[in-house]
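Everything in the sequence shown is counted per the numbering used here, starting at 17 for the first residue and increasing by one.
Glycine included, C-beta positions come from ideal geometry on N, C-alpha and C.
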Amino acid sequence: MSGRVDPPTGPVHTGLRGRFDPRPGIERVRESALAILQIVIAATAAFAFAHDVLGHPVPLLAATVTVSSLGLVRDARPRRVLETVVGMVVGILIAELIVLVAGIGWWQLAITLAVTLAVARFLSAQPAFAIAAALQSAIVMVIPASVPFVRLIDGIIGGIAALLVTALVPRRPLRAATREGAALLSAFDGAAATLVQALRRGDRLRAERGLEKARALQPLVDDWRVSLESGAAIARISPFLRRERFELERHERVRAHLDLASRNLRVIARRVVYLSDDGRPRPVTADLLAELAAGARLVGESLGDISFEPLAREAVRAVAARLDPAALAGGHAGGDHHLLAALRPLAVDLMTAAGMPAGEARAVLPRE
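Structure representation (structure tokens):
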């Protein structure tokens, strides 16, 4: 068994660049550009309407409700925005009632926060709902207003502006979903490549590293799911995203099967770790897994170009047709047979991710 640890191969930055690299920050700004645009448009429009049309002197809550409800989060679906708006309006209403009855002071603030948090927790299981309500109620308590319930109107205006902007100035959900899917496929490829190296060398250390990478795939699957669910919800109400609905549905099909493929890769990784104790190379299994990983890369290419799907299906089909564990394992121990057998469901998941019907994909596999 090889105990060698490869030295780092990436560049090591020193000096100012080593202490501060602006590129991640620039990338975050680029990814959030549409969300920033949404917030700026909605907050400005809500403030202007409340101030210039309705004559409210300080429509602070028209802007704060808008900013807080839209946010920069990945999940920008209308239902989430609406839930946040409702939470903030509830907080404003409670605070307005307490100000009307008891006035403004430190003990009134304490009562307002306690009542708001209790009511909000009763209405929603989401902690963010309660916090949003409490923040708006606190603003009402510390900033006096001469006209009762004017801030409630401002909050409602801000909420309406946020919902309108969600539909009329939508974020690009397909672009975000494609980015999340590409991140998953890149990590999947890295985990598979490490396991292939472990199999070629009989290296337990690499096998354990591959298992760690395979275990790290699930958060990426979940991020992709959230982006797709948010995108589908926005596309249902936005007149500008009708053409993206089919692609979002196709991405969801790919994601669902890659979720299963990622789980199967973890099973394979655990078996590679177990078998690597003997330090014996397994080139046949390594080659098969490498070919399946190449098919997964084509699935990744198909996210941006559907014409890659037939190529991905045929690439994985060519491997799946040879996955006969009894013939491939030969006279080796049962562990090798089980490892080869674990490649079969992975091949099925990749073929179905590329658009092949599940029954047809299973029929490609040799009978055991």
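Judged by pairs of C-beta atoms under 8 Å, the segment 220-231 touches the segment 282-290, as three or more such pairs exist. Under the three-state reduction of DSSP, Ile159 is assigned to coil, being neither helix nor strand.
In this structure the segment 117-124 does not touch the segment 137-151; the number of beta carbon pairs closer than 8 Å is below three.
With 16 or more other Cβ atoms inside 10 Å of its own Cβ, Glu112 counts as buried. Its chain contains Arg282 as the residues whose beta carbon lies nearer than 7 Å to that of Arg231, once the 5 sequence neighbours on both sides are disregarded; these appear in chain order.
When the five nearest sequence neighbours on each side are left out, the beta carbons in the same chain lying within less than 6 Å of the beta carbon of Gln54 are those of Leu86, Val181, Val185, in order along the chain.
Proximity of the segment 369-384 to the segment 322-334 meets the contact definition, three or more beta-carbon pairs being nearer than 8 Å. Cβ-Cβ distances below 8 Å link Ala358 to Asn280, Val283, Ile284, Arg287 in the same chain, with the five nearest sequence neighbours on each side left out; the list follows chain order.
Runs of the alpha helix (DSSP H) lying entirely within the segment 193-249 and spanning at least 4 residues, in chain order: 220-231. Short of 6 Å from the beta carbon of Ala161, and not among the five residues preceding or following it, lie these beta carbons of its own chain, in chain order: Arg167.
The way I'd put it, the segment 252-266 does touch the segment 182-201; three or more beta-carbon pairs between them come closer than 8 Å. Rounded to the nearest whole angstrom, the C-alpha separation of Val163 and Ile173 is 16 Å.
About 38 Å separates the beta carbons of Leu77 and Gly197, which is beyond the 8 Å limit, so they are not a contact pair. Secondary structure of Leu319 (DSSP, three-state): coil.
Taking 8 Å as the cut-off, the Cβ atoms of Ser84 and Ala130 do not count as close.
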